[in-house]
Every structure is written in structure tokens, then in C-alpha cells.
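>
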Amino acid sequence: MISSYIPSSVTKIISILILFIFYRMTPLDMNDNLKNKFKQAFVKNAALPPARTRKNRTPFFILIIVACLIIGLQYSSSIFSPDPETDSWGKIISPAAGSTTGAKVRIVGETQDIGTGQYIWISVDKPDIGHCWPKKQVLRNTRFATTILVERPDEPFYVSLYILNETLHSQWKDWQDKEIFSGLPMPLENRRLDQINLVLKK
Numbered sequence: 011m012i013s014s015y016i017p018s019s020v021t022k023i024i025s026i027l028i029l030f031i032f033y034r035m036t037p038l039d040m041n042d043n044l045k046n047k048f049k050q051a052f053v054k055n056a057a058l059p060p061a062r063t064r065k066n067r068t069p070f071f072i073l074i075i076v077a078c079l080i081i082g083l084q085y086s087s088s089i090f091s092p093d094p095e096t097d098s099w100g101k102i103i104s105p106a107a108g109s110t111t112g113a114k115v116r117i118v119g120e121t122q123d124i125g126t127g128q129y130i131w132i133s134v135d136k137p138d139i140g141h142c143w144p145k146k147q148v149l150r151n152t153r154f155a156t157t158i159l160v161e162r163p164d165e166p167f168y169v170s171l172y173i174l175n176e177t178l179h180s181q182w183k184d185w186q187d188k189e190i191f192s193g194l195p196m197p198l199e200n201r202r203l204d205q206i207n208l209v210l211k212k
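In short: position in the sequence shown from 1, add 10, done, that's the numbering used here.
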């Protein structure tokens, strides 16, 4: 029936209006007993159920807030992965900071006390725009030597040595596999083990 689709509060209001109209249209000489019955019915239906209080709605809003927080945290790059250990150490030994280099740059470095689940990467950074271009993953807890290719920067550039968690490592590896030209957001500063500035030889 149609009435089953009408909220109970609306039904109450309609009933009150009908009773009120009948009560007002009743002739003055109508039996007082009948008018009293109309009046009692009017008063009874006028007592609408109390509205839901803010207290009753609180659990629902808490659930919405918690759900939003969970969704947001799932896309964080570092919340669910271990932070770099405080005793982790790494250094770029060569080239020296401020050196002039060619497009191919040979990087020699060393890392120590890198824990399980942490990965060492070399990247070219542009701090002025907050982006980096991952170049090579290198071995941890040992001396390493590798060569990176620099895509003709128009100004002095930075080479950084980063310690990444599993999440960031997967993101950088996926970025390389897809050969994406645009850079990635630079990791937080506490993940940078060392950084040098270089100038490309013209």
C-alpha cells in the first residue's frame, strides 16, 4: 500500500490535520461527548515521537570519520612502513660536491647499518620544485659504485642517496618500469642519507 512508503512522522501530521479539521467543522450543537472524543484523539496524535538527539547520531558520524581516516592512510607513502633506523648511515664518496660532470655520472658511495626492509636508491633531485628522478638501486651495508645518466639539466642539480621503505621502493621501481618522464615527489628529509650538488659540463 502507498501508506507503507510514507514515513510515520508524516502520517502523524496528516492524522492531526484531519482531526483538527473535523473538530473545527463540528456544529456547535453536536453532542459534547463526540467533540471530546475528537479532542482526545487530536491531543493523543499531537504527541509526536521525540526527534533523534545528537547523542544518538554520534556513533554514525564517528564511523564515517574513522572510515575516511582509514582510506586516507591507505594511500600514505610511509605510515604503514617502518621509518629509517636512527643509526642508518650512508655517504656519497665520489664525485665531490660542486664537481663538473658529463651526462654519465659515476657514483661511488657506502652505506652501513641499513635494516631489513630498507632499500638504498640514488636519485637526481630538484628541490625547487620538490621532485626527484630515481636512477639506481644499490646494495646496502657495503661500498658501491654505479653510473647514472643525467638528462641535461639547465642548472646545477643534486644527487641524493635515499633509504626507502617497502612502499616507496615499490613506487620507485614501478615508476622506472613504466619509464615515466615526469618526476616523483621527493621523500621526507629523514630518508636522505647524503646529497651533493653537481654541475653538468657544457
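C-beta: ideal position from N, C-alpha, C; glycine also. Quick caveat, the model's predicted, so the values are computed rather than measured.
What is the DSSP secondary structure of K212, reduced to helix, strand or coil?
Numbered from 1 along the sequence shown, position 202 holds the residue referred to as residue 212. In this structure, K212 counts as coil in the three-state DSSP scheme.
> Return the CA-CA distance between G140 and I75, expressed in angstroms with no decimal places.
Taking the first residue of the sequence shown as position 1, residue 140 is located at position 130. Taking the first residue of the sequence shown as position 1, residue 75 is located at position 65. If you take the alpha carbons of G140 and I75, they lie about 31 angstroms apart.
> Starting from K114, trace the alpha helix (DSSP H) both ways and give me its first and last residue.
Translated into positions along the sequence shown, residue 114 becomes position 104. First-last for K114: 114-122, but that is the beta strand (DSSP E), not the alpha helix (DSSP H).
> Between which residues of its own chain and Q205 is the CB-CB distance below 8 angstroms, once the five residues before and five after are set aside?
Here residue 205 corresponds to residue number 195 of the sequence shown, with the count starting at 1. I102, D135, Y168, V169, S170, L171.
> By the three-class DSSP mapping on this structure, what secondary structure does K145 have?
The residue you call residue 145 lines up with position 135 of the sequence shown. Assigned with DSSP and collapsed to three states, K145 falls in strand.
> Where does the unbroken alpha helix (DSSP H) through D97 begin, and where does it stop?
Indexing the sequence shown from 1 puts residue 97 at position 87. Segment: none, D97 is in no alpha helix (DSSP H) and carries neither H nor E.
> May I ask you to verify whether the stretch 180-188 touches the stretch 103-123, counting CB pairs closer than 8 angstroms and requiring at least 3?
They do not touch, by the three-pair rule.
> Let me know the secondary structure DSSP gives R150 once reduced to three states.
In the sequence shown, the residue the question calls residue 150 occupies position 140. Of the three classes helix, strand and coil, the one that applies to R150 here is coil, per DSSP.
> Quick one: give me the first and last residue of the beta strand (DSSP E) that S133 is part of.
As a working mapping, residue 133 is identified with position 123 in the sequence shown. 129-136 is the extent of the beta strand (DSSP E) around S133.
> Which residue wins for smallest C-alpha separation from E199, given the options E189, I173, K188?
Your numbering for residue 199 matches position 189 in the sequence shown. Residue I173 is the option with its Cα nearest to E199.
> Looking at the secondary structure, which residues open and close the beta strand (DSSP E) in which S170 lies?
Looking up residue 170 in the sequence shown gives position 160. From DSSP, the beta strand (DSSP E) with S170 extends over 167-174.
> Can you tell me which of C142, I132, I158, I124 puts its alpha carbon nearest to the alpha carbon of R150?
One-based indexing of the sequence shown puts residue 150 at position 140. Of the listed residues, the one whose Cα sits closest to R150 is I124.
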